[in-house]
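Those protein sequence lines, which keep their order, are chains A and B. Numbering-wise (my numbering), the first sequence opens with residue 278 and increments by one. Numbering-wise (my numbering), the second sequence opens with residue 520 and increments by one. Glycine is no exception: its CB is placed at the ideal position from the N, C-alpha and C atoms. To start, the structure under review is shown below, and the notes come after it.
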Amino acid sequence: MIRLRSRSLSALAIALGSLVPSAWTGCGKPPAAGGREDAPAPVFRGRVLAETVPRPEFTLLDTAGEPYDFLEETRGKTALLFFGYTHCPDVCPIHMGNIAAVLNDLGVERRRHVEVVFVSTDPERDTPGRIREWLDRFDPAFVGLRGDRAEVDAIQRSLGLPPSVLEPRAGDGSYAVGHAAQVVAFSPDGPARIVYPFGTRQADWAHDLPLLIAGTTPGHP
Amino acid sequence: MGVWALIVVLAVLYARLTRPATGAGPIRSPWRTISFGAALAALWLGLDWPIGALAAGYLASLHMLQFLLVALIAPALLLLGIPGAVWERLAGRARTSGILRLTHPAAAFLAFNLVVLVTHWPVVVDALMGSQAGSFLIDMLWFGGGILLWWPVVAPFPARPGFGYALKIGYLIAVTITMTIPFLYLTFTSLPVFATYELAPPIPGISKRQDQQLAGLLMKLGGAVVLWTGIAALFFRWYVGEEGSVA
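What follows is the structure, encoded as structure tokens:
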């Protein structure tokens, strides 16, 4: 039963992910950068967006209760932005665990150039302390942010992501939150060109993260 | 449900095969019945909840424990549990040519190792473990492969006078060596190889990589314990036989 529930939640998250506008679902190999037709664009394992998405401007409170200006704090870095919740049984812990495992392999120097930002879509249950405790299971350097539901929904919309959906409560009062399942990867030069849907494996992250950190782009201007 | 059906079928089959003919004495001995019962217990333990459920979609390490129970332990105990009289009866009825070929040590060795390699190949695992039918197919391949593996060592039929204790011991040692291949692959690959377990809801206290390394170690160490127990038993029987013939 547990497995069925988890799988169905994954399916919901993936389905929500599939609702995003076409800019988020573009696949395939884009044209080579700089008009050099003979230079093959790097092949990323993430899903390359048809159009770049600017790095968003927003400020939310972090787990220490301090304002965190996403644009300023992540400037010049590879930023992996993910919207989820700490009671999530599958998508969120799997993404966080896989990213943490691969970042751990990269070494301190390259690790410094990556900021992983988790934004809660369940502010009612995700207290700052709970978010911190949950993120620390993966990597204490991960940033946890919290805002009210309207703020977080607005940020997601600005990125072209669907806002999260509260599922009906179970008899024991628990509930699931349907949310976009992709991690949005912002390049050091600013915009996002690639997203990583649920199903992205450690091997995929291990392949793409060094490229992202090095500022390699999949060929978009 | 399928697990219980399999166990009931095996138990009924055993009861029927070991039922003494009218007027004849009992053909079951207590230790053979215990051995057969232990085989069924190993199957049940490996295939039912919790090991079966967790092995199907959560932990590669439990998938490997399941492999040990279903492919190595249960088949050996099951074959050991069959009384000599039943083997004689089977020898009289069976089409010996097919069994001769299938249970030839070389064929059994190849079949078991093929099953081990194929059923631990990530593409196959990920393709089959997603469904109950696929998962059941892997279980049955393990069980069938295990029966073939142990048959030349345990079963008195078909008689193979040329395949004595020394060769049986060598045969089992060779299996410990071939099982090193998946062990090395699982234990020393830095990234998770099975999407089934990597993308499963995490189990607290064990990372995906630790789980995979534990799976490799279980295969090597657990497999070694089972196979070397068999080797030790063969050596002991060989020694006792030699002593008897000298006396």
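Is residue 480 of chain A near residue 710 of chain B, with beta carbons less than 9 Å apart?
Yes, the pair counts as a contact, with Cβ atoms nearer than the cut-off.
Any beta carbon of chain A sitting closer than 9 Å to that of residue 719 of chain B?
Taking Cβ atoms only, chain A reaches closer than 9 Å to residue 719 of chain B, which makes this a yes.
In chain A, which residues lie less than 7 Å from residue 710 of chain B when you measure between Cβ atoms?
The contacting residues are 479, 480 and 483.
Among the candidates B/622, B/759, B/579 and B/745, whose CA atom is the shortest distance from the CA of residue 694 of chain B?
The shortest C-alpha separation from residue 694 of chain B is found at B/745.
Give me the Cα-Cα distance between residue 446 of chain A and residue 637 of chain B, rounded to the nearest whole angstrom.
Cα-Cα distance, rounded: 44 Å.
Going along the segment 561 to 574 of chain B in order, which residues come within less than 8 Å of chain A, judged by CB to CB distance?
Flagged, chain order: 572.
Going by Cα to Cα distance, which pick from B/562, B/570, B/753 and B/564 is closest to residue 674 of chain B?
Answer by Cα proximity: B/753.
Distance, Cα to Cα, residue 714 of chain B vs residue 634 of chain B?
Rounded to the nearest angstrom, the two C-alpha atoms are 20 Å apart.
Roughly how many whole angstroms lie between the Cα atoms of residue 371 of chain A and residue 663 of chain B?
Each residue's Cα considered, the two are about 35 Å apart.
Against residue 654 of chain B, what residues of chain A qualify as contacts under a CB-to-CB distance less than 7 Å, listed in chain order?
The contacting residues do not exist; residue 654 of chain B stays about 12 Å from chain A at best.
So if DSSP puts residue 359 of chain A in a beta bridge, which residue, or which two residues, is it bridged to?
According to DSSP, which records beta bridges pairwise, residue 359 of chain A is partnered with A/395.
Are the segment 645 to 658 of chain B and the segment 701 to 710 of chain B touching, with three or more C-beta to C-beta distances below 8 Å?
No: fewer than three Cβ pairs fall under 8 Å.
Name the DSSP bridge partner or partners of residue 471 of chain A?
Per DSSP, A/325 and A/462.
Where does residue 699 of chain B fall in DSSP's three states?
If DSSP states are grouped into helix, strand and coil, residue 699 of chain B belongs with the helices.
Whose C-alpha, out of B/555, B/556, B/584 and B/558, is nearest the C-alpha of residue 471 of chain B?
Absent from the model: residue 471 of chain B. The displayed extent of chain B is 520 to 766, so no value can be given.
Given residue 589 of chain B, which residues of its chain have a CB within under 8 Å of its CB, disregarding the five upstream and five downstream residues?
561, 562, 565, 566, 658, 661, 662 and 665, listed in sequence order.
According to the neighbour-count rule (16 or more other Cβ atoms, all chains shown, within 10 Å of its Cβ), is residue 471 of chain A buried or exposed?
By the 10 Å Cβ count, residue 471 of chain A comes out buried.
For residue 758 of chain B, is the classification buried or exposed, using 16 other Cβ atoms within 10 angstroms of its Cβ as the cut-off for buried?
With fewer than 16 Cβ atoms within 10 Å of its Cβ, residue 758 of chain B is classed as exposed.
Give the residues from the segment 719 to 739 of chain B that approach chain A closer than 7 Å (Cβ to any Cβ), ordered along the chain.
Correct list: 720, 721, 726, 727 and 728.
Using a Cβ-Cβ cut-off of less than 8 Å, give me the residues of the segment 585 to 618 of chain B that come near chain A, in sequence order.
Per Cβ criterion, the list is empty.
For the beta strand (DSSP E) that contains residue 336 of chain A, what are its first and last residues?
First-last of the beta strand (DSSP E) with residue 336 of chain A: 336 to 339.
With DSSP as the reference, identify every bridge partner of residue 443 of chain A, one or two as the case may be.
In the DSSP output, where bridge partners are listed per residue, residue 443 of chain A has A/454.
Would residue 646 of chain B count as contacting chain A if we go by Cβ distances under 9 Å?
No, residue 646 of chain B does not count as interfacial toward chain A.
Tell me the DSSP bridge mates of residue 385 of chain A?
DSSP output for residue 385 of chain A lists no bridge partner at all.
Going by DSSP, name the residue or residues bridged to residue 758 of chain B.
None, per the DSSP bridge assignment.
Find the residues of chain B that neighbour residue 361 of chain A, judging by a C-beta separation of less than 7 Å, and give them in chain order.
Those within 7 Å of residue 361 of chain A in chain B number zero; the least Cβ separation is about 13 Å.
Once the 5 residues before and after residue 639 of chain B are set aside, which same chain residues still bring their CB inside 7 Å of it?
701.
According to DSSP, is residue 569 of chain B part of a helix, a strand, or is it coil?
Coil at residue 569 of chain B, not helix or strand.
Which first and last residues belong to the alpha helix (DSSP H) in which residue 449 of chain A is found?
Premise fails: residue 449 of chain A is in no alpha helix (DSSP H) and is neither H nor E.
Would you mind telling me which residues of chain B sit closer than 9 Å to residue 370 of chain A, beta carbon to beta carbon, in chain order?
Those within 9 Å of residue 370 of chain A in chain B are 720 and 721.
Given this structure, state the Cα-to-Cα distance separating residue 552 of chain B from residue 610 of chain B, to the nearest angstrom.
Going from the Cα of residue 552 of chain B to the Cα of residue 610 of chain B covers about 20 Å.
For residue 242 of chain A, which residues in chain B fall below 8 Å Cβ to Cβ?
For chain A, the structure presents residues 278 to 498; residue 242 of chain A sits outside this window and is missing.
Quick check on DSSP: helix, strand or coil for residue 420 of chain A?
Of the three classes helix, strand and coil, the one that applies to residue 420 of chain A here is strand, per DSSP.
Against chain B, does residue 475 of chain A count as a neighbour if the rule is that its beta carbon must be under 9 Å from one of theirs?
Cβ-Cβ to chain B under 9 Å: yes for residue 475 of chain A.
Nearest chain A C-beta to residue 714 of chain B closer than 9 Å, yes or no?
By this cut-off, residue 714 of chain B is an interface position.
Taking DSSP's pairing of strands, which residues face residue 346 of chain A in a bridge?
In the DSSP output, where bridge partners are listed per residue, residue 346 of chain A has A/336.
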